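Asker: Got a structure for you, questions after.
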Amino acid sequence: MKIEVKNLSKRYKDTNALDHVSFTLAEPKIYGLLGRNGAGKTTFMDILSGHILASGGEILIDGENPFDNQRLTESICLIKEGNNFKRDLKIKNVLRIFAYFYPTWDQQLADELIREYNLNPNAKVKALSKGMESALGIIVGMASKAPITIFDEPYIGLDAAARKKFYDILLEEFEAEKRMIIFSTHLIDEVSLMFEEILILQNGKLVMKEEAEVLRNSTCAVSGTADEVEAFISDKDVIEKKQIAGMMTAYVHADMKQAQSAGLTAEGIPIQELMIHLTEKKGA
Ligand SMILES: Nc1ncnc2c1ncn2[C@@H]1O[C@H](COP(=O)(O)OP(=O)(O)OP(=O)(O)O)[C@@H](O)[C@H]1O
Numbered sequence: 001m002k003i004e005v006k007n008l009s010k011r012y013k014d015t016n017a018l019d020h021v022s023f024t025l026a027e028p029k030i031y032g033l034l035g036r037n038g039a040g041k042t043t044f045m046d047i048l049s050g051h052i053l054a055s056g057g058e059i060l061i062d063g064e065n066p067f068d069n070q071r072l073t074e075s076i077c078l079i080k081e082g083n084n085f086k087r088d089l090k091i092k093n094v095l096r097i098f099a100y101f102y103p104t105w106d107q108q109l110a111d112e113l114i115r116e117y118n119l120n121p122n123a124k125v126k127a128l129s130k131g132m133e134s135a136l137g138i139i140v141g142m143a144s145k146a147p148i149t150i151f152d153e154p155y156i157g158l159d160a161a162a163r164k165k166f167y168d169i170l171l172e173e174f175e176a177e178k179r180m181i182i183f184s185t186h187l188i189d190e191v192s193l194m195f196e197e198i199l200i201l202q203n204g205k206l207v208m209k210e211e212a213e214v215l216r217n218s219t220c221a222v223s224g225t226a227d228e229v230e231a232f233i234s235d236k237d238v239i240e241k242k243q244i245a246g247m248m249t250a251y252v253h254a255d256m257k258q259a260q261s262a263g264l265t266a267e268g269i270p271i272q273e274l275m276i277h278l279t280e281k282k283g284a
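No gaps in the numbering here: position 96 of the sequence shown is 96 in full-length UniProt numbering, and each next residue is one more.
Quick look at the structure:
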């Protein structure tokens, strides 16, 4: 499916939650949607899922507006941080409802994951711990097999082992059957290797959209004496630099090999660091 975001804006009283955002997503990839608190991520995902209306601009999915659009909403599954399900329903009935709603629903996968996460199908949602409720969200998101599956911080309360299980399942399922997965998280270091493309929002604006591989190959942290580093970065786009005594480390848009052949130490920048510095630079 193709998502075209054109000049998208959303205003809440005095806040521009989204401010003339434009981009296109056209491939079944795992997209990381990143940004600091209040950057506009949830607002974007809500508009994309057809839950709320934009104040300006538009999102088109295969040429159509998702708001109140049955044909499209059965192709989009949004799993949020919590409150995804009616609290009085039993798990098995939650699954029935979603199975009915999504034409792509995979019951076998849902059953497998229910066992994997040790959930009791007869338990009511309100009796679940936070982590169990998140596990149910993950199960629904994965089993929906929706061509556009969106996870907005889907794992509140899940411990590290259960999160790892989720990442393994997600990658396995994605490899078996590619679909568009949009993943928003603050646990960036944990998941950044899964991302194939990264979008960063800051104060309602898109400040970066780049393939993860390109990003990894085109940015690096260079260290050496302050004079050497300054000489190397003088003609480059510098993200951040810090100096201690005579030594300097700079985060810069440059090829790692180029820095190494200039006699500097160069290593990759973790996506989380990059996000923090890019958003600071843009005036966080
Ligand atoms: N329903 C609302 N009413 C008023 N303001 C809102 C509403 N929803 C979001 N906002 C504001 O819009 C901005 C963007 O919020 P949004 O929830 O989209 O950010 P986010 O990137 O998802 O943040 P977080 O990472 O903290 O979840 C924030 O300033 C927020 O306070």
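Heads up, the beta-carbon is just placed ideally off N, CA and C, and yes, glycines get one too. Note that the structure is a prediction, hence the values are computed from the model and not measured.
Measuring only from the beta carbon, is Ala212 closer than 7 Å to any heavy atom that is part of ligand 1?
Answerer: Ala212: no, Cβ never under 7 Å from ligand 1.
Asker: Threshold first: 4 residues or longer. Then list the alpha helix (DSSP H) segments lying entirely within the region 61-95, N to C.
Answerer: With a minimum length of 4 residues, the continuous alpha helix (DSSP H) runs that stay inside the region 61-95 are 70-73.
Asker: Ligand 1 and Ala176: does the residue's C-beta get closer than 7 Å to at least one heavy atom of that ligand?
Answerer: Answer for Ala176: no, Cβ out of range of ligand 1.
Asker: So if DSSP puts Ile182 in a beta bridge, which residue, or which two residues, is it bridged to?
Answerer: Bridge partners of Ile182: Tyr31 and Ile150.
Asker: Could you name the residues of the same chain whose beta carbon sits closer than 7 Å to that of Leu119, not counting the 5 residues immediately before and after it, in chain order?
Answerer: These residues qualify, in order along the chain: Ile91, Met132, Ala135 and Leu136.
Asker: Pull up the DSSP beta-bridge partners for Lys165, would you.
Answerer: Note: Lys165 sits in no beta bridge, so no partner.
Asker: Under DSSP, the alpha helix (DSSP H) around Asp257 begins and ends at which residues?
Answerer: Note that residue 257 is Lys in the sequence shown here, rather than Asp. Unbroken alpha helix (DSSP H) run through Lys257: Met256 to Ser261.
Asker: State the Cα-Cα distance for the pair Ala226 and Thr249, rounded to the nearest angstrom.
Answerer: Their Cα atoms are separated by approximately 8 Å.
Asker: Roughly how many whole angstroms lie between the Cα atoms of Gly283 and Val207?
Answerer: Residue confidence for Gly283 is low, a pLDDT of 47 falling below 50, so the modelled location carries little weight; the figure read from the coordinates is stated next. Distance between the alpha carbons of Gly283 and Val207: 11 Å.
Asker: Shorter than 7 Å, the distance from the beta carbon of Ala17 to the closest heavy atom of ligand 1, or not?
Answerer: Ala17: yes, Cβ under 7 Å from ligand 1.
Asker: Looking at the structure shown, is Glu213 part of a helix, part of a strand, or coil, going by DSSP?
Answerer: Helix, per DSSP.
Asker: With distances taken Cα to Cα, identify the nearest neighbour of Tyr167 among Leu193, Ile200 and Ile59.
Answerer: Among Leu193, Ile200 and Ile59, the Cα nearest to that of Tyr167 is on Leu193.
Asker: When we look at the beta-carbon of Gly246 and count the other beta-carbons within 10 Å, is it buried (16 or more) or exposed?
Answerer: Classification for Gly246: exposed.
Asker: Roughly how many angstroms separate the alpha carbons of Gly157 and Arg163, rounded to a whole number?
Answerer: Taking the straight line joining both Cα atoms gives about 10 Å.
Asker: Any heavy atom of ligand 1 within a distance shorter than 7 Å of the CB on Tyr117?
Answerer: Tyr117: no, Cβ never under 7 Å from ligand 1.
Asker: Using a Cβ-Cβ cutoff of less than 7 Å, which residues in the same chain neighbour Ile188 once the five nearest sequence positions on both sides are dropped?
Answerer: Answer for Ile188: Leu34, Ile271, Gln272 and Met275, listed in chain order.
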